[in-house]
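Numbering (the numbering used here), first residue to last: 130 to 413.
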Amino acid sequence: MARRRRAGPGVRAPGNRSSRILGGGGAGRSTLIAAVSTLVFFGILAYLVTSSPGWPEVRRSFFDGEVFGEALRDIAPRLLLNIKIFLIAEVFILVFGLGIALLRSLPGSVLFPFRLLAIAYTDFFRGVPTILVIYLFGFGVPALGLSGVPSSPFFWGVASLVLVYSAYVSEVYRAGIESVHPSQEAAARSLGLSRVKSLRFVVVPQAVRRVIPPLLNDFIGLQKDTALVALIGPVEAFRQSQIEVASKFDYTPYFATALMFVALTIPMARFTDWLAARQRRRMR
C-alpha cells in the first residue's frame with residue numbers, strides 16, 4: 130500500500146481550503162500591510178488639507194470647538210423631529226409600497242387599468258425630485274383652502290416623503306415577488322389556493338424576506354431626506370442648524386448636524402450588511 134507523501138515545511142497541503150483562502154501564515158502580514166497603507170493614505174490626505182493656504186479660515190469657520198458644543202446642545206433635541214418623521218413615514222411606505230407592487234403583479238385584462246395606474250404612479254414619483262414634491266404639496270395643497278384638508282407643514286412633509294419613497298419601495302417589492310420561482314405559486318394553486326391567497330400566503334412572505342436588505346437601504350436614504358421637510362416650515366435638526374449659522378456667522382453647526390445624521394445612519398447600514406450576510410449564508 131502506497132504511503133501518502135507528506136507536504137514539506139514550505140508547501141501547503143492541497144486539501145487545506147483555509148490556507149488557500151486566508152493565505153496561511155501570510156494573512157497576518159496582509160492585514161498589517163492593509164492597515165499601514167490605510168494610515169499612510171489618510172495621513173497624506175490630512176497633511177494636504179491642513180497644509181493648504183485656506184485651512185486656518187476653514188478650521189475657524191467649520192470646526193470651532195466652542196461653537197460645536199453650543200450648537201450640539203440646541204440641535205440634538207430637534208433631531209427627535211427627524212426621527213418622528215422617519216418612523217411615521219416608514220410605516221406608511223411599507224404598506225403603500227407593497228400595495229402598489231401587488232397591483233402591478235395582478236394578471237388579467239380586467240385589471241389592466243389598475244396596473245396602468247400603478248405604473249404611472251411609480252414613474253411619476255421616481256422621476257420628480259423629492260424637493261419639488263415637498264414644495265408642491267407643502268405649499269400648493271394648503272393654498273387651495275379645501276375644507277377638511279390638513280394644512281400642517283409637518284403633515285404634508287411626511288405625505289410627500291411617503292409618496293416618493295413608496296414608488297421606490299414598490300419596485301423593490303416587485304423585484305422580490307418576481308424573484309420567487311413560478312413553481313411556488315403553481316404548487317399553491319394545485320393545493321386549491323386562489324391567486325390572491327397564493328400571493329398572500331406563499332409568494333409575498335418569501336419576497337419580503339428577500340428584499341429586507343434593499344428596503345433598509347432605501348430607509349437609510351429616507352432618514353437623510355427628512356431634512357428636506359425643513360424647507361416648508363418645521364424646525365428640525367437642519368433648520369435649527371441654519372438658525373444657529375445665521376446667529377453665529379459660523380458654519381460649524383452644519384458640521385454638527387452632519388455628524389448626528391451619520392450617527393443615525395451608520396448603525397442602520399451595519400445592520401443592513403449583517404442581514405445581507407445572513408441571507409447569503411441561508412441561501413448557501
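Even for Gly, the Cβ is constructed at its ideal location relative to N, Cα and C.
No experiment lies behind these values; they were computed from the predicted model shown.
Please identify the residue among the options whose C-alpha is closest to the C-alpha of residue i.
i: ASP354; options: SER308, VAL293, ALA385 and ARG409; result: VAL293
i: ALA129; options: SER190, LEU245 and TYR176; result: In the structure as shown, the chain starts at 130 and stops at 413, and residue 129 therefore has no counterpart that could be examined.
i: SER281; options: PRO236, ILE361 and THR160; result: ILE361
i: ALA356; options: GLY274, LEU208 and ARG188; result: LEU208
i: ARG188; options: PRO396, ILE212, LEU161 and THR381; result: THR381
i: ASN346; options: VAL262, GLU219 and GLY267; result: GLU219
i: GLY350; options: GLY269, ILE217, MET397 and ARG158; result: MET397
i: PHE291; options: THR160, GLY194, GLY198 and THR259; result: Residue 291 is actually Val in this sequence, not Phe. Here the closest residue by C-alpha is THR259.
i: VAL331; options: GLY198, LEU344, SER312 and GLU373; result: SER312
i: PHE390; options: SER166, LEU201, SER190 and GLN335; result: LEU201
i: LEU78; options: GLY198, THR160 and SER181; result: No answer is possible for residue 78: the residues shown for the chain start at 130 and end at 413.
i: ALA247; options: PRO236, GLY228 and TYR264; result: GLY228
What's the call for residue i, buried or exposed, on a 16-neighbour Cβ count within 10 Å?
i: GLY226; result: buried
i: ARG413; result: exposed
i: ARG407; result: exposed
i: LEU210; result: buried
i: PHE171; result: exposed
i: LEU151; result: With a pLDDT of 44 at LEU151, under the threshold of 50, the predicted position of this residue should be treated as unreliable, though the coordinate-derived value follows. Label assigned to LEU151: exposed.
i: SER319; result: exposed
i: ARG399; result: exposed
i: SER370; result: buried
i: GLY183; result: exposed
i: PHE254; result: buried
i: ALA142; result: Residue placement at ALA142 is poorly supported in this model, since its pLDDT is 47, which falls under 50; the coordinates still yield a value, given next. Its Cβ having fewer than 16 others within 10 Å, ALA142 is exposed.
i: GLU195; result: exposed
i: ILE214; result: buried
i: PHE241; result: exposed
i: ARG410; result: exposed
i: THR179; result: exposed
i: ARG368; result: buried
i: ALA385; result: buried
Does the Cβ-Cβ distance between residue i and residue j come in under 9 Å?
i: TYR302; j: VAL337; result: yes
i: ALA205; j: ALA359; result: no
i: PRO342; j: LEU404; result: yes
i: ILE222; j: SER289; result: no
i: GLU300; j: SER234; result: no
i: ASP193; j: ASP379; result: yes
i: VAL262; j: GLY305; result: no
i: VAL270; j: TRP285; result: yes
Over what stretch of residues does the alpha helix (DSSP H) that includes residue i continue unbroken?
i: ILE341; result: 341-354
i: TYR390; result: The amino acid occupying residue 390 in the given sequence is Phe; Tyr does not appear at that position. Looking at the DSSP string, the run of the alpha helix (DSSP H) that includes PHE390 is 381-412.
i: ILE372; result: 366-377
i: VAL301; result: 282-308
i: VAL331; result: Run containing VAL331: none; DSSP gives neither H nor E here.
i: VAL224; result: 208-234
i: SER190; result: 184-191
i: ALA200; result: 194-204
i: ILE248; result: 241-256
i: ALA316; result: 311-319
i: ILE260; result: 259-264
Does at least one heavy atom of the ligand GDP sit under 8 Å from the Cβ of residue i?
i: PRO334; result: Annotation note on the ligand GDP: not contained in the displayed structure, which lists no ligands.
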